[in-house]
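J.: For the sequence shown, full-length UniProt numbering gives the first residue as 1, with consecutive numbering after it. Glycine included, C-beta positions come from ideal geometry on N, C-alpha and C. Note that the coordinates shown come from a computational prediction; the quantities given were computed from them, not determined experimentally.
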Amino acid sequence: MLCTTITTAGIYLIYRKMHGVSGCSFCDIVTNKKDQHLATSDKCVVIKDKSPKAPHHYLVLSRAHINKPTDLTYADVDLIKEMETAGREVLRVELKAKGEADTVEDMLRIGFHWPPMVRVNHLHMHVLYPVKDLGFFSKMLVFKPGKVFKESGKLIQELEEKSGRRPSDQVHDVDPNNPAKNDVYEALPAHAIAN
1 MLCTTITTAG IYLIYRKMHG VSGCSFCDIV TNKKDQHLAT SDKCVVIKDK SPKAPHHYLV
61 LSRAHINKPT DLTYADVDLI KEMETAGREV LRVELKAKGE ADTVEDMLRI GFHWPPMVRV
121 NHLHMHVLYP VKDLGFFSKM LVFKPGKVFK ESGKLIQELE EKSGRRPSDQ VHDVDPNNPA
181 KNDVYEALPA HAIAN
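#1: Can you say whether Arg-92 is buried or exposed, counting buried as having 16 or more other CB atoms within 10 angstroms of its CB?
#2: Say whether the stretch 78-95 touches the stretch 23-41, bearing in mind that this needs 3 or more beta-carbon pairs closer than 8 angstroms, one atom from each stretch.
#3: Ends of the alpha helix (DSSP H) at Met-125?
#4: If distances are taken between C-alpha atoms only, which option among Tyr-129, Ala-75 and Leu-79 comes closest to Thr-101?
#5: So that I know if they touch, is there some Cβ in chain B lying closer than 9 angstroms to that of Arg-63?
#6: For Val-30, which option in Val-45, Leu-59 and Ser-22 has the closest C-alpha, if you only look at C-alpha atoms?
#7: Between Ile-47 and His-122, is the Cβ-Cβ spacing less than 9 angstroms?
#8: Let me know the secondary structure DSSP gives Thr-85 once reduced to three states.
#9: Given a threshold of 16 other Cβ atoms within 10 Å of its Cβ, counted over all protein chains shown, does Leu-59 qualify as buried or as exposed?
#10: If you compare alpha carbons, which of Thr-103, Lys-162 and Pro-115 is closest to Pro-55?
#11: Expressed to the nearest angstrom, what Euclidean distance is found between the alpha-carbon atoms of Asp-76 and Lys-98?
#12: Taking the alpha-carbon positions, what's the His-124 to Phe-112 distance?
#13: Cutting at 7 angstroms between CB atoms, please list the residues of its own chain near Glu-161, excluding the five before and the five after it.
Structure, rendered in structure tokens:
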């Protein structure tokens, strides 16, 4: 029989993850400022950046309060993918509404600022399009893939490698008679870890 002990601290952490952190501007947007939402899903919310650096600059906010992308684990890969999908869909809809062509991948940048460039301690993904219209400072430093800005695909790849798992785009050859074929890698996602 499984016995679980729930402590007051545990209940507080669960509540905080579900309802946001007091004083967090992004938690406030996620839970209270629904008029700013361009799209929503179970795990994220898409809004316009209040200081856009490109003609299309959106932020995809995690519904769960996760401080920064360095807190993410392999268990959060699905969250990152869902955030990217939501951001891409908003961009596609906005481009279509303005009569612009479909997204050109070479002109799109999707990713996260890396500490010490994180200005708001709540996980958020930037979607920028077209990157050719970024200002010099933004293009060469702030949103340049590398040490201060990590593209979402690169982050997913690093999390998969760090976990020892195969990349998600590879086919798994599993014997259907193997009793462990349905075993799932268990790791705590970032939102389940105390901040």
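T.: Short version:
#1: Taking the first residue of the sequence shown as 1, we reach residue 92 at position 92. Classification for Arg-92: exposed.
#2: By the Cβ rule, the stretch 78-95 counts as touching the stretch 23-41, because three or more pairs are nearer than 8 angstroms.
#3: Translated into the one-based positions of the sequence shown, residue 125 becomes position 125. No alpha helix (DSSP H) holds Met-125; the beta strand (DSSP E) holding it covers 124-129.
#4: For the purposes of this step, residue 101 is taken as the residue at position 101 of the sequence shown. Note that residue 101 corresponds to Ala in the displayed sequence, not to Thr. That would be Tyr-129, whose Cα lies nearest to the Cα of Ala-101.
#5: Within the model displayed, chain B is absent; a lone protein chain is all it includes.
#6: For the purposes of this step, residue 30 is taken as the residue at position 30 of the sequence shown. Here the closest residue by C-alpha is Val-45.
#7: Along the sequence shown, one-based indexing puts residue 47 at 47. Along the sequence shown, one-based indexing puts residue 122 at 122. No.
#8: Here residue 85 refers to the residue found at position 85 of the sequence shown. Reduced to three states, the DSSP call for Thr-85 is helix.
#9: Reading the sequence shown from its first residue, position 59 is the one you call residue 59. Flag for Leu-59 reads buried.
#10: Here residue 55 is taken as the residue at index 55 of the sequence shown, counted from 1. When each option's Cα is compared against that of Pro-55, the closest is Thr-103.
#11: Residue mapping note: residue 76 aligns to position 76 of the sequence shown, counting from 1. Residue mapping note: residue 98 aligns to position 98 of the sequence shown, counting from 1. About 33 angstroms.
#12: By one-based count along the sequence shown, residue 124 stands at place 124. By one-based count along the sequence shown, residue 112 stands at place 112. Taking the straight line from one Cα to the other gives about 7 angstroms.
#13: The residue you call residue 161 lines up with position 161 of the sequence shown. Close CB contacts of Glu-161 within its chain, under the 7 angstroms cut and outside five residues either way in sequence, are absent.
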